Amino acid sequence: MGTIESYLKVVNNTNQDIIDTLVSSCDDHDWDANCRPDKNFQHQKIPAQGGSVSQRLELNKTASHCPFNMVLTFADGTADKFRIHQKHAFGCCPGFNHMERAHDITYSVSNENKPTLIIKIANTDQQAQNEEAEEKNREGEVALEAKNYETAIKKFDEALNLATQDSVSSKIKSSKSQAFNQFGEELLQKVWDLEADITEDKSQEIQDMLNQALKLFQDAEALSNSPKYRQNLTLVSLKIEGTRIFNEANDLEKEAFGMFDNGGGDSVAARNNYQEALVKFQEALKKFEEAMQLDPDKFEDCVSIARGHIEEVNKMIDDIERVGLNDFSGQEAEDDEMTTEDEDRIDVTLI
Numbered sequence: 001m002g003t004i005e006s007y008l009k010v011v012n013n014t015n016q017d018i019i020d021t022l023v024s025s026c027d028d029h030d031w032d033a034n035c036r037p038d039k040n041f042q043h044q045k046i047p048a049q050g051g052s053v054s055q056r057l058e059l060n061k062t063a064s065h066c067p068f069n070m071v072l073t074f075a076d077g078t079a080d081k082f083r084i085h086q087k088h089a090f091g092c093c094p095g096f097n098h099m100e101r102a103h104d105i106t107y108s109v110s111n112e113n114k115p116t117l118i119i120k121i122a123n124t125d126q127q128a129q130n131e132e133a134e135e136k137n138r139e140g141e142v143a144l145e146a147k148n149y150e151t152a153i154k155k156f157d158e159a160l161n162l163a164t165q166d167s168v169s170s171k172i173k174s175s176k177s178q179a180f181n182q183f184g185e186e187l188l189q190k191v192w193d194l195e196a197d198i199t200e201d202k203s204q205e206i207q208d209m210l211n212q213a214l215k216l217f218q219d220a221e222a223l224s225n226s227p228k229y230r231q232n233l234t235l236v237s238l239k240i241e242g243t244r245i246f247n248e249a250n251d252l253e254k255e256a257f258g259m260f261d262n263g264g265g266d267s268v269a270a271r272n273n274y275q276e277a278l279v280k281f282q283e284a285l286k287k288f289e290e291a292m293q294l295d296p297d298k299f300e301d302c303v304s305i306a307r308g309h310i311e312e313v314n315k316m317i318d319d320i321e322r323v324g325l326n327d328f329s330g331q332e333a334e335d336d337e338m339t340t341e342d343e344d345r346i347d348v349t350l351i
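Per the UniProt record's numbering, the sequence shown runs over residues 1 to 351.
In structure tokens, the structure reads:
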């Protein structure tokens, strides 16, 4: 009966290695017993990005189509199953049927040396788009490693706009949340450094950094439900809120103290201011103590200062009530003068 020689070549243009090939449904009448696809092309491995495998196949001269089924399994677990006619290499109809689709498959014939049926596997448009998204994500990770946070976040945004696969999107969101968190932590460290420097007032700069860090931690926590990100968000929120309340209390205390300046003033209004300041100092202390549970080193001074103000305000309220509201102004004017130490205490402002 005799046979004719042909070749089958499979080219893997995807970004995933083909880790196994499985050939079935070969008719014994069509093939030479020892040179058929379910023998020569069984369990092949084909590298990604242009890797290929070519095998010789012997067809019986009287065979009409020489069909076979092939399953390609990829490293990511996806698989393609198709059916095709090997005799298409000699001009027969291709009979191509893509039964299970994970990638794009094209076929062609080459007769440069021996008749060869060439099958090319490529990413779909969506897969190519996701591959580009992953490349953008890698670029963002490089920028993040270099602490170029704005560049990193921009790359992650570009990647998210491209990604269509849930697993790819999740990976990019994780990277982006990490960038937000690291950027926020860097700003927060600058806040601690500025607060330690008492040579000049940088309260507005500190406040701006805290607000920016808060937004970054909010963005990080929204993308990734991480305990670490949530703790950072809680910490900076307590810092901002506690400081705001403390400064309101401090202003009330200053106002109350000033009511006795020059020996005069309204002792009733002063007591009311002190009592209102006391409530706010206690509220601020509660915020700082809660934050201290998360980061003892950074909030020890805040707690100590707030407690000191509470002690002094309580003393002032007691003095007013002990002397008597009507007599307190005159008595205090005669017995006490504002000392430099008092002025310094009243002028303490957090951030």
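Idealized CB from N, CA, C, for every residue including glycine. For clarity, every value in this text was computed on a predicted model and none was experimentally measured.
When the distance is taken between beta carbons, is residue j closer than 8 Å to residue i?
{"i": "residue 370", "j": "Lys173", "result": "The chain is shown only over 1 to 351; residue 370 falls outside these bounds and no answer can be derived."}
{"i": "Glu253", "j": "Val313", "result": "yes"}
{"i": "Tyr107", "j": "Ser177", "result": "no"}
{"i": "Val23", "j": "Gln42", "result": "yes"}
{"i": "Val236", "j": "Leu188", "result": "yes"}
{"i": "Ala89", "j": "Pro67", "result": "no"}
{"i": "Ala163", "j": "Asn130", "result": "yes"}
{"i": "Arg83", "j": "Asn69", "result": "yes"}
{"i": "Leu285", "j": "Ile317", "result": "no"}
{"i": "Lys81", "j": "Met99", "result": "yes"}
Reducing DSSP to helix, strand and coil, say where residue i ends up.
{"i": "Lys9", "result": "strand"}
{"i": "Phe74", "result": "strand"}
{"i": "Gln16", "result": "coil"}
{"i": "His88", "result": "helix"}
{"i": "residue 352", "result": "Look at the range of the chain in this structure, 1 to 351, and you will see that residue 352 is not part of it."}
{"i": "Ser64", "result": "coil"}
{"i": "Glu112", "result": "coil"}
{"i": "Ala128", "result": "helix"}
{"i": "Asp295", "result": "coil"}
{"i": "Phe288", "result": "helix"}
{"i": "Arg101", "result": "coil"}
{"i": "Asn69", "result": "strand"}
{"i": "Ser24", "result": "strand"}
{"i": "Lys120", "result": "strand"}
Enumerate in chain order the residues of its own chain whose CB-to-CB distance from residue i is below 6 Å, with the five nearest sequence positions on each side excluded.
{"i": "Pro47", "result": "Asp17"}
{"i": "Thr78", "result": "Ala102"}
{"i": "Val53", "result": "Val10, Gln44, Ile46"}
Identify, in the order they occur along the chain, each residue of the same chain with its Cβ nearer than 7 Å to the Cβ of residue i, setting aside the five sequence neighbours on each side.
{"i": "Asn262", "result": "Note on Asn262: pLDDT 49, under 50, position unreliable in the model; the coordinate value appears next. Within the same chain, Asn262 has no close Cβ partners at all."}
{"i": "Glu200", "result": "none"}
{"i": "Gln231", "result": "Leu294"}
Identify, in the order they occur along the chain, each residue of the same chain with its Cβ nearer than 8 Å to the Cβ of residue i, setting aside the five sequence neighbours on each side.
{"i": "Ala93", "result": "The sequence given here has Cys at residue 93, not Ala. Contacts found: His65, His85."}
Item checked: Inside the region 188 to 274 only - alpha helix (DSSP H) runs reaching at least 4 residues -> 203 to 223, 227 to 258
Check: At what residue ranges does the UniProt repeat "TPR" (133 to 166) contain a whole run of the alpha helix (DSSP H), taking only runs of 4 or more?
Finding: 149 to 162
Next item on the list: Taking 8 Å as the threshold, find out whether the region 133 to 142 comes into contact with the region 150 to 169 through three or more Cβ pairs.
Entry: Touching, yes.
Notebook entry, point to check: Are the region 204 to 216 and the region 239 to 248 in contact at 8 Å, needing three or more beta carbon pairs?
Noted result: yes
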